[in-house]
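Right, one structure below, let's go through it.
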Amino acid sequence: MRILLTNDDGIGADGLHAAWHALKADGHDVFVCVPDRPRSAVSHAITMHKPLRVKKVETRDGLAHTTNGTPADCVTMALLHLMPIAPDLCISGINIGPNLGDDVHYSGTVGGAMEAALNGVSSMAISLNTHKDPLWAAAAQFCVLIAPKIGDMALPRDTFLNVNVPNLPPTEIQGARVTSQGSRRYKGDLVRYEAPIVGEYYWRGGEVIDRAESDDADVLVVKHGFISVTPIHVDLTRRDSMESVSSVLQTL
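Each residue of the sequence shown is one higher than the one before, counting from 193 in the numbering used here.
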């Protein structure tokens with residue numbers, strides 16, 4: 193398969209190279225286009241007000257392309273200008289840190305996969321459920337296992353997969369389950385600090401609050417040692433609210 197690989201952690205990210213190495217070893221033709229620096233939490237942002245630049249970079253796993261843009265920029269650049277033949281699949285990751293529940297709205301990793309889906313390319317975002325001491329093997333192995341199978345899922349247009357992998361050795365993974373998007377909020381996530389010179393400033397932080405409204409919620413399944421696989425659709429319309437909104441609009 194021809195696979196476009198991107199991420200939001202940049203060219204030096206170990207998760208990128210774990211996926212790249214595993215996919216190459218399995219015989220896939222991997223084309224890499226990633227940001228030239230970490231671009232976490234940029235969501236589906238694209239660059240509008242400055243030029244995009246592309247560089248070729250030699251890495252331990254081969255030749256890659258970097259841009260000064262976002263993951264979505266990288267995908268568009270690869271599809272429109274860099275790849276001579278369209279890819280069969282786009283993989284965004286492997287991200288260090290989960291993209292569960294409401295994280296999908298902020299995630300640059302998810303944004304890269306979404307951009308591929310909008311361009312008609314099968315895609316998935318894949319993240320590891322840890323921020324420290326990552327164990328990449330299970331996530332890299334899952335990339336290899338699922339890559340040739342995504343086409344068999346008959347996903348509708350503008351739909352992609354959001355995958356989250358427990359930070360466990362492959363032998364301790366309980367399996368893979370299809371999941372729904374759970375709820376993940378951050379309590380008090382702007383934390384105030386003061387310093388003698390700079391004065392008042394704020395950092396993102398706070399307590400993570402996961403809510404599983406169903407047994408198949410991604411936030412719950414990953415905690416139980418399973419890989420969560422959530423089909424995501426780019427259409428955010430809440431269709432069961434359209435009638436009530438319409439009834440109010442008719443009174444205006």
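We put the CB at the ideal spot given by N, CA and C, even for glycine.
Option in Ile286, Lys248, Asn287, Ser315 with minimal Cα separation from Asp280: Ser315
Checking the sheet assignment: what are the DSSP bridge partners for Met275? Answer is none; Met275 lacks a bridge partner.
Distance between Ile342 and Cys266 (C-alpha atoms, nearest Å): 22 Å
Which of helix, strand or coil does DSSP assign to His323? If DSSP states are grouped into helix, strand and coil, His323 belongs with coil.
So Ile195 is in the beta strand (DSSP E); what residue range does that whole segment cover? Segment 194-198, the beta strand (DSSP E) holding Ile195.
By DSSP, does Ser372 sit in helix, in strand, or in coil? strand
Mapping DSSP to helix, strand and coil, what is His257? strand
Could you tell me which residues DSSP puts in a beta bridge with His209? Note: His209 sits in no beta bridge, so no partner.
Could you tell me the boundaries of the beta strand (DSSP E) in which Lys247 lies? 246-251
Does the count of Cβ pairs from the segment 287-307 and the segment 416-427 closer than 8 Å reach three? Taking a cut-off of 8 Å on C-beta distances, the segment 287-307 touches the segment 416-427, as three or more cross pairs fall below it.
Whether Leu215 touches Cys335 by CB criterion (9 Å): yes
Contact defined as beta carbons within less than 8 Å: I believe Pro326 pairs with Asn359. What is the distance between those atoms, to the nearest angstrom? Correct: roughly 6 Å between the Cβ atoms.
If the criterion is Cβ atoms closer than 9 Å, does the pair Gly300 and Ala211 meet it? Contact: no.
Rounding to the nearest angstrom, what Cα-Cα distance links Ile238 and Thr259 in this structure? 12 Å
Quick check: the Cα distance between Leu274 and Gln442, rounded to an integer number of angstroms? Taking the straight line joining both Cα atoms gives about 50 Å.
Please classify Ala346 as buried or exposed, where buried requires at least 16 other C-beta atoms within 10 Å of its C-beta. exposed
Check for me: the beta strand (DSSP E) holding Pro423 runs from which residue to which? 419-425
With distances taken between CB atoms, is the gap from Pro243 to Asn199 smaller than 9 Å? Contact: no.
Give the secondary structure of Met316 by DSSP, where H, G and I count as helix, E and B as strand, and everything else as coil. strand
What separation, rounded to the nearest whole angstrom, lies between the Cα atoms of Met240 and Ala264? Each residue's alpha carbon lies about 12 Å from the other.
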